[in-house]
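>
Protein chains: 2
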Amino acid sequence: MITQRLVQDCLDTPFDSIPRDVVEHAKRCILNWMSVAIGGSRHASVEAFISMKDELGTSAQVTILGRPERADLLWATLINGTSSHVHDFDDTHLETLNHPTSVIAPVVFALGEYLNSSGAAILHAFILGMEADLRIGNSVSPSHFDSGWHITSTTGVFGAAIAAGILLGLDEDELVYALGIAGTQASGLVEMLGTMTKLFHPGKAGQNGLWAAMLASRGIESSRRILESDRGFARLYSSESDLGLVSRHWGSSWELSKIAFKPYACGIVLHPIIDACIELGRKVPDSEVGALVITVNPYVTTLTDKPNPRSGLEAKYSVRYVAALAFYDGDASVAQFTDARAFAPEILALVDRVSIVVDESVQEDETSVRLITTDGKLVESRVKHATGSIDNPMTDEALIAKFRKLADPSLGRDEVDALIEDVLRFEALDTIHQLVANTVAN
Amino acid sequence: MITQRLVQDCLDTPFDSIPRDVVEHAKRCILNWMSVAIGGSRHASVEAFISMKDELGTSAQVTILGRPERADLLWATLINGTSSHVHDFDDTHLETLNHPTSVIAPVVFALGEYLNSSGAAILHAFILGMEADLRIGNSVSPSHFDSGWHITSTTGVFGAAIAAGILLGLDEDELVYALGIAGTQASGLVEMLGTMTKLFHPGKAGQNGLWAAMLASRGIESSRRILESDRGFARLYSSESDLGLVSRHWGSSWELSKIAFKPYACGIVLHPIIDACIELGRKVPDSEVGALVITVNPYVTTLTDKPNPRSGLEAKYSVRYVAALAFYDGDASVAQFTDARAFAPEILALVDRVSIVVDESVQEDETSVRLITTDGKLVESRVKHATGSIDNPMTDEALIAKFRKLADPSLGRDEVDALIEDVLRFEALDTIHQLVANTVAN
Chain A
769 MITQRLVQDC
779 LDTPFDSIPR
789 DVVEHAKRCI
799 LNWMSVAIGG
809 SRHASVEAFI
819 SMKDELGTSA
829 QVTILGRPER
839 ADLLWATLIN
849 GTSSHVHDFD
859 DTHLETLNHP
869 TSVIAPVVFA
879 LGEYLNSSGA
889 AILHAFILGM
899 EADLRIGNSV
909 SPSHFDSGWH
919 ITSTTGVFGA
929 AIAAGILLGL
939 DEDELVYALG
949 IAGTQASGLV
959 EMLGTMTKLF
969 HPGKAGQNGL
979 WAAMLASRGI
989 ESSRRILESD
999 RGFARLYSSE
1009 SDLGLVSRHW
1019 GSSWELSKIA
1029 FKPYACGIVL
1039 HPIIDACIEL
1049 GRKVPDSEVG
1059 ALVITVNPYV
1069 TTLTDKPNPR
1079 SGLEAKYSVR
1089 YVAALAFYDG
1099 DASVAQFTDA
1109 RAFAPEILAL
1119 VDRVSIVVDE
1129 SVQEDETSVR
1139 LITTDGKLVE
1149 SRVKHATGSI
1159 DNPMTDEALI
1169 AKFRKLADPS
1179 LGRDEVDALI
1189 EDVLRFEALD
1199 TIHQLVANTV
1209 AN
Chain B
769 MITQRLVQDC
779 LDTPFDSIPR
789 DVVEHAKRCI
799 LNWMSVAIGG
809 SRHASVEAFI
819 SMKDELGTSA
829 QVTILGRPER
839 ADLLWATLIN
849 GTSSHVHDFD
859 DTHLETLNHP
869 TSVIAPVVFA
879 LGEYLNSSGA
889 AILHAFILGM
899 EADLRIGNSV
909 SPSHFDSGWH
919 ITSTTGVFGA
929 AIAAGILLGL
939 DEDELVYALG
949 IAGTQASGLV
959 EMLGTMTKLF
969 HPGKAGQNGL
979 WAAMLASRGI
989 ESSRRILESD
999 RGFARLYSSE
1009 SDLGLVSRHW
1019 GSSWELSKIA
1029 FKPYACGIVL
1039 HPIIDACIEL
1049 GRKVPDSEVG
1059 ALVITVNPYV
1069 TTLTDKPNPR
1079 SGLEAKYSVR
1089 YVAALAFYDG
1099 DASVAQFTDA
1109 RAFAPEILAL
1119 VDRVSIVVDE
1129 SVQEDETSVR
1139 LITTDGKLVE
1149 SRVKHATGSI
1159 DNPMTDEALI
1169 AKFRKLADPS
1179 LGRDEVDALI
1189 EDVLRFEALD
1199 TIHQLVANTV
1209 AN
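As given, the protein sequences belong to chains A and B, one line each in that order. Residue numbers 769 to 1210, in my numbering, belong to the letters of the first sequence in order. Residue numbers 769 to 1210, in my numbering, belong to the letters of the second sequence in order.
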């Protein structure tokens, strides 16, 4: 009954029953998501999809954020999901390392634009999809990710199916079947981190989840017990699970509220190190840096063990490169992870002088970085809670500044102001047509 | 090097190096596949996809077998793959319970039509894709299927990527990446057997594999070690594997030659029981059947344990229903698995009088069925090798008769004759345009 109960929980949660602070946080997710999607919309992997959809001759149903081209529902979901993940700048559910908005928001935006849905209806579907995704993730964590499943896509496909199903108005049986159809497509491997393949994981999960809901709406039946069956999701995709977490405290506790936003364009586990290296860069002149000794939680080396990155993209998965870039540039944003910058001579020289100490007692949002100067002095920077962590979240002002930084290069100031204003009053929008139109440069 | 070696094996195997008998068997696969695809092209799940592609406004690039509508490359692959699997009448690699042609043929037909490829080029890509699929399947069997992975789609996606990549002319690196992109989409659960969701597994795997090759051709990079990596396919999708099997005896031993064809429209494990019950039906008048005692290999109850099927489709997964239908009708084809026939009064009455004995010493293609008559006599039918098994294969004449049975209702006699003739000389075709046009009624 786990699967059916989750569906009933969703159907028993009208928009006006959702607490105000949850709705506000959902809008932060949308704001952050739109900024990274617009900022990523010219990436090489997005261009590859644009070229594919052109060759396939897809129809022009809905908007591709930040671009003049349009695509059908499924392709727009795929492309917008990819744009929002390419810079590793999307939001994160810290406990499970899940990036849910890059999966769910593309679905509700494409479908909501197509159906002329109201802002409130879109936000409602978004919140329920996020909550389903994150709770399923909790139930199989941490063994799921640890085994090698890229949780963003593997549980994201369920959230996408719920979000799409709610917007489409599916009934209880149809939503249960949509989850079954979603689950038989659950895929995405941690093996792909550091390659271009990982970049489409959220978009593909969103597309598959939307596809599942569209099929269920056409009478396609499925397993009624995808989550809890002996040959279902929890058993096949994790070594330990607690499916009781899926519906526990539904309506009184909200996983969506735990979503954190990234000030830096790489994996969240590296953010404390970046904070510390930026601070050291302010304290110590470039010419005096001798070596760096970084003490980290074990997750850091599990997830960022690329010894010899071959591209700026791969450098995001090397703690050494990220530390060196943060020290010299005082940032770890899109500009740092170009091939040219990541492999600049001073970066390569410092990379060889970084050593890593793994310490189980160090928390995931914590680090200590010790810099040894060329003349043997020790300067330490300790970070208790990285910027963007639960205990040190990005402020609304910082999120808006991030939006401007990512969107301003391609859009005019007026469009950006209008976009921000519309997202902040999202639940009052009659439709999102003007909002998405404003993401495209004239 | 397992993944790269497989790619090299494929690239080192030109069409004219493939033994004549392998090419002939590949054409049997195509013949059988076309018959079941045409025969399944009006199924409810195919109609659902037609309705979805219409709503999405996909372009009309290539043929949907047996139907006047056309679709883009990816949608045609999905729909043709679904048509060919809906009646459980497609071919089988018996050792691994894989149905590869329903995944691979839709890819090479859609892409080959689009690219104006020759029959020889299409057959070449088909054979290499099949061989890759089946060998990867061998390397993770039997633990892969036993855990709950529907091998037809999970390994099929790799074969589809190879087949598409060969037709697209990808180089070594691109083919390796295509396998990576395919592998991160590997999905499909045994949980779905007996539901409509299972019916699209092959089509979706074919679509995902084609998509992977198209992406790789556009410069999308991926893992180079999808099969053998610590977080790769073999480790995540099986508890025991032997990746040495992927390339062992490549070119001298052909898995494709082990493909068997089905005389009956349900799971292969039930075929010996059907043979036996048909024989009993000939020997014993309907009015004298008291009960049936069926002795089977353990796989039969693992895969066909539906206790109370709710549809003709689900009845395919109930050994009791299948036995009763075969006894009364002397067949187990599309007509038997309609809701009306599967739940007819005499079927329901006999279903309650079937008992199953599981015996580890009984082979998968073997059975003994004992019929106890209403006046207490015992009549036994023993089957050593079911029709359609390796040791008792369907003849070419039987395959042609199956083709006529499935295609004749919708097509004229002339089209059917032309189709059969063209498939039998497939490698001599300049293009497949006329062949696929002949699958569509005028």
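For each residue, glycine too, the CB sits at the ideal point set by N, CA and C.
Quick check on SER955(B): does DSSP put it in helix, strand or coil?
coil
> Would a check of beta-carbon distances place ILE988(A) closer than 8 angstroms to chain B?
yes
> Does ILE949(B) get closer than 8 angstroms to chain A when you measure Cβ to Cβ?
So, interface residue.
> Indicate whether at least one CB of chain B lies closer than 8 angstroms to the CB of LYS972(A).
yes
> Is VAL1126(A) helix, strand or coil when you go by DSSP?
strand
> Hey, which unbroken runs of the beta strand (DSSP E) at 3 residues or more fall wholly within the region 909-949 of chain B?
Complete beta strand (DSSP E) runs here, min 3: none at all.
> My output table needs one value for VAL1052(A): the three-state DSSP class, helix, strand or coil.
Coil, per DSSP.
> If the criterion is Cβ atoms closer than 8 angstroms, does the pair GLY849(A) and GLY971(A) meet it?
Going by C-beta atoms, GLY849(A) is nearer than 8 angstroms to GLY971(A).
> Kindly provide the ranges of any alpha helix (DSSP H) runs that are 4 or more residues long and lie completely inside the region 785-815 of chain B, ordered along the chain.
Uninterrupted alpha helix (DSSP H) stretches at least 4 residues long and entirely within the region 785-815 of chain B occur at 788-807, given in chain order.
> Between the Cα of LEU961(B) and those of ARG810(B), HIS853(B), LYS1173(B), spot the shortest distance and give me the residue it belongs to.
Of ARG810(B), HIS853(B), LYS1173(B), the residue nearest in Cα terms is HIS853(B).
> Is the Cβ-Cβ distance between LEU833(A) and ALA794(A) less than 8 angstroms?
no
> Should the region 990-997 of chain A be regarded as contacting the region 769-781 of chain A, the criterion being three or more beta carbon pairs within less than 8 angstroms?
yes
> What in chain C is Cβ-close to ARG999(B), meaning under 7 angstroms?
Reference to chain C is not applicable here, since the protein chains of this structure are A and B.
> Distance, Cα to Cα, PRO787(A) vs ASP1010(B)?
53 angstroms
> Throw me the rounded Cβ distance for the TRP801(A) and SER886(A) pair, which I believe falls under 8 angstroms.
Wrong, their Cβ atoms sit about 19 angstroms apart, outside the cutoff.
> Would you kindly report the start and end of the unbroken alpha helix (DSSP H) that includes ARG1150(A)?
Segment 1146-1151 is the beta strand (DSSP E) holding ARG1150(A); no alpha helix (DSSP H) there.
> Got a sec: is the Cβ-Cβ distance from ALA932(B) to anything in chain A below 8 angstroms?
no
> Report all residues from its chain with a CB closer than 7 angstroms to the CB of LEU842(A); omit the five preceding and five following residues, and keep chain order.
GLN975, LEU978, TRP979
> Run through chain A and tell me which residues come within less than 8 angstroms of ASP840(B), C-beta to C-beta.
Here the neighbours are LEU824, GLY825, THR826.
> Straight-line CA distance for ASP780(B) to SER1020(B)?
13 angstroms
> Quick check: is the beta carbon of ALA928(B) nearer than 8 angstroms to any beta carbon in chain A?
no
> Kindly indicate which residue of ASP1107(A), TYR1067(A), ALA1112(A) has the alpha-carbon position closest to the one of LEU862(A).
TYR1067(A)
> Mind listing the chain A neighbours of SER813(B)? Cutoff is C-beta to C-beta under 7 angstroms, in chain order.
ILE988
> Which residues in chain B sit within 8 angstroms of SER759(A), going by Cβ to Cβ distance?
As shown, chain A starts at 769 and ends at 1210. That puts residue 759(A) outside it, with no answer to give.
> Alpha carbon to alpha carbon, what distance is there between LYS1170(B) and SER809(B)?
Between SER809(B) and LYS1170(B), the C-alpha separation is close to 16 angstroms.
> Answer with yes or no whether the minimum CB distance from LEU983(B) to chain A is below 8 angstroms.
It does; some Cβ of chain A falls within 8 angstroms.
> For ALA816(A) and chain B, any beta-carbon pair shorter than 8 angstroms?
yes
> ASN1160(B) by DSSP, collapsed to three states: which one?
strand
> Under a three-way DSSP split, which group does ALA839(A) fall into?
Of the three classes helix, strand and coil, the one that applies to ALA839(A) here is strand, per DSSP.
> Among ILE1168(B), LEU883(B), SER1136(B), whose alpha-carbon lies nearest the alpha-carbon of LEU1038(B)?
SER1136(B)
> Note down, in chain order, each residue of its chain lying with its Cβ closer than 7 angstroms to the Cβ of ARG1088(B), except the 5 sequence neighbours on either side.
VAL1119, VAL1122
> If you count every other CB in all the chains shown that lies within 10 Å of the CB of LYS1051(B), and 16 or more means buried, which is it?
exposed
> To the nearest angstrom, how far is the alpha carbon of PHE926(B) from that of GLY933(B)?
10 angstroms
> Could you tell me which of ASP777(A), ASP1054(A), GLU881(A) sits nearest to ALA1205(A), measuring between CA atoms?
GLU881(A)
> Distance check for LEU1024(B) and PRO836(A), CA to CA, integer angstroms please.
47 angstroms
> Please list, in chain order, all residues of the same chain as ALA1209(B) whose beta carbon is under 6 angstroms from its beta carbon, the five residues on each side excluded.
So the list reads SER1178, LEU1179, once near-sequence residues are dropped.
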